[in-house]
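Everything on this sheet refers to the single structure shown next.
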Amino acid sequence: ATELGELGVKYDELAIRDAVSRGDLAYLERQCAAAGKPPAEEARLLSTCLIHLAVEHPPHELVHHPHKGLVTVHSLFTEALEHTPDIKAYLSVARYLKEHDDHGVIGGRDVTAEDVFKKCLECSPGDWEVRYELASVTADRDEKIKLLIDVLESVSRTRGTKSTLYGRAAYRLARALGRATTATINGISKSRITLLKEAIDIYPSFPDAYFKLAKDLGPDPTAQTTLLDHSTVTPHSLLLQAIHLDPEYSEFYLSFANMYADNSKRVTLLDGRVMTVFEMCVHAISLDPRNSHCYAAVAKRMDGTEVAMLDSGCYSRRELLLKAADIGR
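Per our numbering: the sequence shown = residues 132 to 460.
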């Protein structure tokens with residue numbers, strides 16, 4: 132419907148949405164023809180429709196094409212790029228491949244998300260969002276770091292260091308760097324901890340940044356550092372904040388528990404819940420019952436006589452270790 136509006140076509144929005152969801156190219160062709168739109172504009176609309184149809188399906192599912200019968204998602208992408216080989220179409224394809232960790236033959240070539248993002252960058256070399264997205268999928272660590280430094284340097288000059296893109300790039304660069312490694316951005320050397328603090332300052336609701344900073348500060352739960360807003364934090368407070376922002380992620384509970392040896396230590400979470408350290412590990416299993424690390428973490432805190440009460444029943448230390456090994460296989 133947005134594409135039709137840009138083309139100046141009068142349309143029934145519900146009918147258009149229905150046509151796109153069905154992949155009804157014939158309906159859209161008639162709409163364009165009735166409005167007397169030139170072939171290039173019609174092609175752009177059809178390309179958009181094909182891409183919308185493709186991204187609604189997983190990579191290996193056959194899709195009903197109104198003119199060709201059952202076709203693959205990749206063939207829909209190929210046809211869309213034949214209609215309109217522009218950056219908008221390429222970005223849609225690249226993001227789909229990234230989301231599904233997919234690759235396949237598109238336009239006669241076997242391509243990955245990295246290949247398609249590189250094509251996007253050729254179309255628009257000054258697009259820092261595209262450069263950031265390419266960095267997010269490239270496997271070459273040195274190339275990833277170089278791309279992210281480029282993004283941070285350019286964005287800080289054009290949009291400032293408080294822009295959301297700067298915050299995302301700072302976090303991703305922090306992840307790419309080693310703990311003892313620094314990156315030079317506009318002549319200023321920045322450590323991984325500094326970059327994580329910048330990410331938190333821009334994205335205070337981003338749990339992973341608190342989690343990574345807590346891990347970098349070390350195993351002492353009372354180690355202190357100061358954020359850019361001048362507040363003092365510790366691994367203890369940072370992990371509580373991460374849990375508060377994403378209470379369904381098991382790794383946050385395990386990482387918090389790993390800082391304390393005393394199973395009976397009581398912890399008050401920011402939402403008011405009170406748990407012992409041992410209960411936090413058990414809770415992690417309920418959140419992620421297919422994660423072997425959760426079972427191993429509980430077993431590690433038990434002796435041979437104790438029993439852990441899980442949602443699926445009672446388990447001894449030995450049974451938990453066997454469960455962890457079975458999942459790990």
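All residues carry an ideal CB built from backbone N, CA and C; glycine is no exception.
Rounded to whole angstroms, what's the CA-CA distance from residue i to residue j? Just pull it up for me.
{"i": "Arg432", "j": "Gly318", "result": "48 Å"}
{"i": "Ala330", "j": "Leu308", "result": "14 Å"}
{"i": "Leu418", "j": "Glu382", "result": "10 Å"}
{"i": "Ala388", "j": "Leu369", "result": "13 Å"}
{"i": "Ile316", "j": "Ser386", "result": "31 Å"}
{"i": "His188", "j": "Ala266", "result": "26 Å"}
{"i": "Ala270", "j": "Leu400", "result": "37 Å"}
{"i": "Tyr341", "j": "Glu379", "result": "15 Å"}
{"i": "Gly435", "j": "Tyr384", "result": "24 Å"}
{"i": "Lys454", "j": "Ala439", "result": "13 Å"}
{"i": "Ala301", "j": "Tyr391", "result": "30 Å"}
{"i": "Asp232", "j": "Arg299", "result": "20 Å"}
{"i": "Asp246", "j": "Ala428", "result": "40 Å"}
{"i": "Gly444", "j": "Val413", "result": "12 Å"}
{"i": "Leu181", "j": "Ala456", "result": "45 Å"}
{"i": "Asp155", "j": "Thr203", "result": "16 Å"}
{"i": "Pro190", "j": "Tyr446", "result": "39 Å"}
{"i": "Thr312", "j": "Ala146", "result": "55 Å"}
{"i": "Val286", "j": "Trp259", "result": "8 Å"}
{"i": "Ala157", "j": "Val268", "result": "36 Å"}
{"i": "Leu184", "j": "Val242", "result": "20 Å"}
{"i": "Cys254", "j": "Asp273", "result": "23 Å"}
{"i": "Lys293", "j": "Gly349", "result": "27 Å"}
{"i": "Arg161", "j": "His234", "result": "34 Å"}
So which of the options has the shortest CA-CA distance to residue i?
{"i": "His214", "options": "Ser178, Thr365 and Leu201", "result": "Ser178"}
{"i": "Leu201", "options": "Phe208, Glu192 and Ala354", "result": "Glu192"}
{"i": "Leu327", "options": "Ala456, Thr357, Asp271 and His196", "result": "Thr357"}
{"i": "Ser73", "options": "Ser320, Thr203 and Val261", "result": "This structure cannot speak to residue 73, because the chain is shown only from 132 to 460."}
{"i": "Met411", "options": "Gly349, Glu274, Arg323 and Arg397", "result": "Arg397"}
{"i": "Arg310", "options": "Ile280, Lys346 and Tyr334", "result": "Lys346"}
{"i": "Leu376", "options": "Asp246, Tyr426, Thr209 and Tyr334", "result": "Tyr334"}
{"i": "Cys425", "options": "Val268, Ala211 and Gly459", "result": "Gly459"}
{"i": "Asp442", "options": "His195, Ala415, Arg272 and Thr203", "result": "Ala415"}
{"i": "Leu371", "options": "Arg272, Asp393, Gly298 and Ser336", "result": "Ser336"}
{"i": "Arg175", "options": "Leu212, Val186, Pro190 and Tyr446", "result": "Leu212"}
{"i": "Glu264", "options": "Arg161, Glu253, His234 and Lys229", "result": "Lys229"}
Please state the DSSP three-state secondary structure of residue i.
{"i": "Tyr297", "result": "helix"}
{"i": "Ile270", "result": "Sequence check: residue 270 is Ala here, not Ile. The answer is coil: DSSP assigns Ala270 none of H, G, I, E or B."}
{"i": "His367", "result": "helix"}
{"i": "Ser447", "result": "strand"}
{"i": "Gly200", "result": "strand"}
{"i": "Lys249", "result": "helix"}
{"i": "Asp241", "result": "strand"}
{"i": "Lys463", "result": "One cannot answer for residue 463 here, as it falls past the ends of the chain, which runs 132 to 460."}
{"i": "Ser395", "result": "coil"}
{"i": "Gly257", "result": "coil"}
{"i": "Thr215", "result": "coil"}
{"i": "Gly309", "result": "coil"}
{"i": "Leu222", "result": "helix"}
{"i": "Leu441", "result": "strand"}
{"i": "Thr325", "result": "helix"}
{"i": "His183", "result": "helix"}
{"i": "Gly235", "result": "strand"}
{"i": "Ser362", "result": "coil"}
{"i": "Pro354", "result": "One detail in the question is off: residue 354 reads as Ala in this sequence, not Pro. If DSSP states are grouped into helix, strand and coil, Ala354 belongs with coil."}
{"i": "Ser320", "result": "strand"}
{"i": "Thr315", "result": "strand"}
{"i": "His188", "result": "coil"}
{"i": "Thr407", "result": "strand"}
Hey, does residue i have any beta-carbon neighbour from chain B nearer than 8 Å?
{"i": "Lys328", "result": "No chain B appears in the structure shown, which is made up of a single protein chain."}
Below 8 Å on the Cβ atoms is my contact criterion, and I expect residue i with residue j to pass it. Report the Cβ-Cβ distance as a whole number of Å.
{"i": "Thr353", "j": "Thr365", "result": "5 Å"}
{"i": "Asp360", "j": "Asp332", "result": "7 Å"}
{"i": "Tyr221", "j": "Cys251", "result": "5 Å"}
{"i": "Ala430", "j": "Arg448", "result": "5 Å"}
{"i": "Leu283", "j": "Arg290", "result": "Leu283 to Arg290, Cβ: 11 Å. No contact."}
{"i": "Ile324", "j": "Leu344", "result": "7 Å"}
{"i": "Ala225", "j": "Phe208", "result": "Not confirmed; about 10 Å, so no contact."}
{"i": "Val408", "j": "Asn394", "result": "6 Å"}
{"i": "Ile374", "j": "Ala314", "result": "Not confirmed; about 29 Å, so no contact."}
Would you check if there are 3 or more beta carbon pairs closer than 8 Å linking the segment 210–227 to the segment 235–245?
yes
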